[in-house]
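These protein sequence lines are chains Z and Y, in that order.
Heads up, the first sequence is in my numbering, so the first residue is 10 and it goes up one at a time.
Heads up, the second sequence is in my numbering, so the first residue is 421 and it goes up one at a time.
The block underneath contains the structure these notes are about, expressed in structure tokens.
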Amino acid sequence: MSRKNKQISGGSAKGNPSLAIILGATRSHPLLSLGILVTVVGAVIASLLPPLVLADLIDRLTARRAVSFALVLAWFGLIALTGVLEAARESLLCIYGQTITHALRSGLCMKLTSLPAGTLTEMDPGALASRFVLDADTVEELFTSGIISMFADACQIISIFAVLFIRNRGLALLLLAVLPLIFLFTRHVQRRTLASQLDNRKALARVTNFVPETIHNIRTIHALGKERYMRRRYNSAILDSFRAIERTNFYDSIYSPVVLVTQAAVVAAVMLLAASGNAGIRSFFGMSVGTSVAVIAYISQIFSPIESIGMEIQTIQEAVAGVQRINEFLRLEERPAALMDGEAAAGHTAKDTKTDGESAGQTPQGADAVGEAAFSVPEESGYLTDKASHGTAIEFRDVSFGYKNGDSVLKNLSFSIPRGGHYTLIGRTGAGKSTIFKLLLGLYTPDSGQVLIFGENANLVPDSSRRALFGCVEQTFHPVPGTVLDQITLRDGRISESQAELAAETVGLAETIRSLPQGFQTECMEALFSHGQWQLLSIARAIASDPEILLLDEITANLDADTEKTVLTALGRASRGRTVLAISHRLYGNADTSAQASDGLQLVRSPL
Amino acid sequence: MNKTKHAASPLTPIAEPQKISSYFRAEWRSLAIVTVTGLIYNIGLIAGPWFEGQMAQCLENIFKGRAGFPDMARLVALYVTVIAAVQLARSLKRLYVRRFANATGRRMKEILYANLIHKSSAELRDADVGSVMTKAVSDVDACAEGMRKFTTEIFDTGVALAAYCVMLLFYDWRLALLCLIFPPVSYVIAGKMKSLVQRTGAAARESAGRLNAATLDRAGNAVTYRISGCEAGRDRDYEKHLRDYEKTSVRAEIWVSAMPPLYQVVSMASGLFILYFGSRNVLHTGWTAWNLAAFTTFLSCYTKLAVKSSHAAKLFNAVQKAQVSWKRIKGLMQPVQAEAAPVVQDPAELVVTGLADPRFGSVSFTAGPGQIIGVTGPVASGKSSFGRAFLCEEPYEGSITFAGAELKSMSPQVLSGIVGYLGHDTELMSDTIRSNVLMGDESVAADAPDIRSDCLTDDGTGLQQMLAAVCLDREVAEMPAVTETRVGTGGVLLSGGQQQRLALARTLAHRRPVLILDDPFSALDKETERTVFRNLREIARDSIVILISHRLYLFPETDQVIWMEDGRSVVQTHEQMLKEIPHYRELFALQEEGDTNEQKK
């Protein structure tokens, strides 16, 4: 395991992790990749053929020969083939795009599990979610509408050139002179358009914020009589957007007409040269009437990929930022894989093999099986078996700790709590109370000293054992999407429905829940419970797994006296037979003996 | 092209903003240009195929010695000129139809905002109205876009298709009728597919919604799952969502992206007739006698028609979407008058008689200019409702008169010249410090000579004095852009205390004869609070200040105190209050004690 570990951190720190994920997904679908290649190239070639058939047909007509129905059918057959190949290409690209997105999101999710808690808390969930949703989409676009489409367009240009070079060398050379100019013009217009689109987006961000802000501040606006002022500000904001759009519109309006006029000029030049009396020039542009019709068709075919390539360059440029953001996230330092259970460790193996190029871990059943297997034997570690014999539940031995970028929070803190004891840590804000919990839960490692849970290092407790060991009542309840039952179980398969109901029973919330329209299966909503009831639900969640240790974080802050009483009663029942450590800036329950734990922190025995 | 000039000119107000035709009428100039250039362009479109045919024919003639180089030169010159003229018309048409949409969107947004700004706070607090208003901006965009597409497609699809059809019929009506069978066939297939596209699209959107919720849950509750050891389970669940999303979106996207090339193939099936019967025409064995030019033109014309007609479906979608959006915002588009700035009234007496509310009972008192009335009481005793009564957001019971006139029967405009208000919520704008204090009013006067900032420059407005009065000048002077520093949405870039003082500076800059301050000092330390209070006294020396607070140490300096408790209110001086209300005395003593403690530290 440790050997693998090294490989992982080595693999994810270097190189381009999102590219590795995409390549892995591509390799695991060889047929799909082959199909894309075949249809991309096939569509390009097929689209070249109908004008050639047409040229032949017209030449026959010029020679007054009859046209066979087979030739007509061949022409249509080739058009149909082009259409079918294009449709197939689009379908395969869409499947491929979704495969990439899926692989990227799976990779991001696995990464989340392997991040240390410190990194998790520092991250803004909104930004994180947008990395999952938006940035993954951008990367997908980079591949489908960026690189692959660009390849297809380049193929088309090159093959038209090849045909023209054989059929009409003069035109090929003429185009070789004109196309770079058109390309430069295209890029110029696209860059200008993008610049004004960005201006517009900025102006729009202002406008978008304006309406909710006005609604929020309406009282001040009315009281101060600022209606006119606000309207003026709003109008100036939308005027900015109006002007930016006008600029975009200008370029939008001239681009395609300019290209089409150029196209007409090229056609004109070819016709003129072909008709020229000079035999040399004529042979250089030598063509029959049929070829002239085919040439007109090719000229119109060669200009549109130029425009597309410009757009694709833009897509790629824009997507680079998204790829960088994802790579930044994927390169974040990871915690030791030994702590992660089933899925994440399996994910790691998958990622490993992916970089090795064998399998992309995209076989869902396989991944499931590994996860399930690991999940069914979560508690093989010694924590729960020898804990009974250990008299001290929690022990801090000379612990010092400071966050990465800050002063030290704890200095040489020592205390211990016997098994079954009920204690409260009291101290001001900033004295390090929450930090103590984080160390206990193994989310952080102390700078020096030891944090012991039943005599073993707290940060060596594997994820899968944690819930059986700790129940943590957080200061604010974090609802999860799902039913009321899900709030208690956290959709954890190891907790049965009856265990969850028992937990609800213990905190005195079972009756309330049963009286809901669908009882425990009611979809959870904000309005279902009062503030105090949410707190009770939080306790039920903490004790559902019948943990040895109960951690309480400022649970009676923001509660009125009556509710506080209810919550304390529930806590009394919930903490029976458990070791309890609470943190608070004041004392609740009954104080008993107290001891100074460290500067500003007091450890008080407080039987509940 | 004087684009900027056009853009900067103010929009002419329109009479009936709730009628969609008004917007077309308001932009009649742009639309007139669009009509002329649109007709030129779309009729001119058939010139392309015609010339292509003529050139091919001319080439044949030259090869056969029936024509010479000058013939081709003339033809080619004409071709380029006509194409250039047609494309010029096209670019003007594009420009003006977009300008029409852009201006319409801007106009609609202005009207919408003007309507919003006059809605009462009670109306806006209704969640539905609020969210409709927030969504309305994107609805306006959808409307303008729909109107643009409609206008464009009238020409591009309607006129162009008609022109092509006429041209085809002219060359060979039998063959034309035969060819025109297939485009409708592809319409019918597209129509049949539409419900499938919508169904799979809806399924994909639902799945995307579920996936987004799961993403937010997984990312947002990551720590909760970590401490409960539930991450593995969540990852498996997330994988399920991913799989579902992949499946549904592939299903939805395939219909959207794979079908258009196939529709095109169906339309192009007519090519079979054109090539077969057309070549017979050329060989003079068909329905009509054609030359090669006619053959080429006919084929090229039909190909363009097939491409154009495949866009027609888009038109219907855009118009349908615009209609839905318009329905949502129509009710919000009422005519609005330009509003005048509030006229600040002269100081006068405020008389409150029997102002009643179940939470604080009934309150009566009289106050003159320069007086400060302290209002206090336990949590939820109705202090804030009392303060808000002066805003007349909802009709109050009893009477409040200023200079003898009843507040609730005043127009909002007159009222805003009398009552100034600062609530719990500082309601700062996401703008600069300067704009937040002055709010566009450059004439705020610095008329308290004793209060001056020694670290901010005097810019001729009362800005520096107001910031000095609330003890914010020093902090502002140290900010990167001084008074031009942006404070972020709702002032998030400032600390709570800074936000509160900035809002107070704004209130002082907009002095009114009656100032209601609801807990304006709660985030300040006592020393600052005392200084700010002293400055407030000085600057608002002609105003009546109603100071709502649950901190009492400034109350000895008030002229009257209103005590609210258990649905009753008492109005007395601070000294009497100490004697007669035991709870008040207790609170005051407790806070004084805390005060001395804090000073000891």
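All C-beta atoms in this analysis are idealised placements derived from N, C-alpha and C, irrespective of residue type, glycine included.
All values reported here derive from a predicted model rather than from experimental measurement.
- DSSP links threonine 588/Z through a beta bridge to Ile558/Z.
- If the five residues before and after glycine 797/Y are omitted, its C-beta is found closer than 7 Å to the C-beta atoms of Lys803, Trp983, Met984, Glu985, all from its own chain and listed in chain order.
- The alpha-carbon separation between glutamine 611/Z and arginine 475/Z amounts to approximately 26 Å.
- For isoleucine 968/Y, the number of other beta carbons within 10 angstroms of its own is at least 16, and it is reported as buried.
- For the pair tyrosine 499/Y and phenylalanine 471/Y, the CB atoms are nearer than the 8 Å cut-off.
- When beta bridges are read from the DSSP output, serine 593/Z appears opposite Ile435/Z.
- In the same chain as alanine 497/Y, and ignoring 5 residues on each side of it, no C-beta atom comes closer than 7 Å to its own.
- With contacts defined by Cβ atoms closer than 8 Å, threonine 110/Z and alanine 145/Z form a contacting pair.
- Every alpha helix (DSSP H) stretch that sits fully inside the region 858-929 of chain Y and reaches 4 residues is listed by chain position as 883-889, 893-897, 916-929.
- Neighbourhood of proline 762/Y in chain Z, by CB distance below 8 Å: Leu233, Gly234, in chain order.
- Against chain Y, a Cβ distance below 8 Å from glycine 541/Z picks out nothing, because the smallest value is about 17 Å.
- Taking all protein chains shown into account, proline 933/Y has 16 or more neighbouring C-beta atoms within 10 Å of its C-beta and is therefore buried.
- Chain-order list of chain Z residues neighbouring cysteine 650/Y: Arg476, Leu499, Arg500, Asp501, by C-beta distance under 8 Å.
- Using beta-carbon distances, serine 313/Z does not count as an interface residue toward chain Y, since no partner is under 8 Å.
- At a cut-off of 8 Å between beta-carbon atoms, tyrosine 645/Y makes contact with chain Z.
- Neighbours of lysine 569/Y in chain Z, taken as residues whose beta carbon is under 7 Å from its own, are absent, since the nearest beta carbon is some 14 Å off.
- For methionine 984/Y, the uninterrupted beta strand (DSSP E) segment begins and ends at 980-985.
- For a Cβ distance threshold of 7 Å, residue set Ala138, Phe141, Val142 of chain Z lies close to threonine 635/Y, ordered along the chain.
- In this structure, serine 699/Y places its C-beta atom within 8 Å of the C-beta atom of valine 76/Z.
- With respect to chain Z, the C-beta atom of alanine 642/Y has a partner C-beta closer than 8 Å.
- Where threonine 773/Y is concerned, the enclosing beta strand (DSSP E) starts and stops at 770-777.
- Per DSSP, the continuous beta strand (DSSP E) segment holding tyrosine 841/Y begins and ends at 839-842.
- When DSSP states are grouped into helix, strand and coil, serine 425/Z belongs to the strand group.
- Rounded to the nearest whole angstrom, the CA to CA distance from leucine 928/Y to isoleucine 959/Y is 7 Å.
- Of Leu41/Z, Ala52/Z, Val268/Z, the smallest CA-CA separation from valine 506/Y is found for Val268/Z.
- Within the region 436-492 of chain Z, the runs of beta strand (DSSP E) at least 3 residues long that lie entirely inside it are, in chain order, 457-462, 479-482.
- Taking a Cβ-Cβ threshold of 7 Å, the residues of chain Z close to asparagine 522/Y are Phe251, Ile254, Glu255, Asn258, in chain order.
- DSSP places valine 965/Y within a strand segment (E or B) once states are collapsed to three.
- Within chain Z, no C-beta atom comes less than 8 Å from the C-beta of glycine 802/Y; the nearest is roughly 18 Å away.
- Minimum Cα-Cα distance from serine 409/Z among the listed residues Leu590/Z, Gly51/Z, Ser317/Z, Thr444/Z corresponds to Thr444/Z.
- Your pair valine 275/Z and valine 187/Z checks out as a contact, with CB atoms roughly 6 Å apart and the cut at 8 Å.
- When Cβ-Cβ separations below 8 Å define contact, threonine 577/Y makes no contact with chain Z.
- Taking 8 Å as the cut-off, the beta carbon of isoleucine 522/Z is found no closer than this to the beta carbon of valine 482/Z.
- By the criterion of at least three beta-carbon pairs nearer than 8 Å, the region 136-150 of chain Z is in contact with the region 633-645 of chain Y.
- Distance from the Cα of leucine 58/Z is smallest, within the candidate group Arg614/Z, Val460/Z, Gln310/Z, Glu557/Z, for Gln310/Z.
- Pairing serine 285/Z with isoleucine 45/Z, the inter-Cα distance amounts to about 45 Å.
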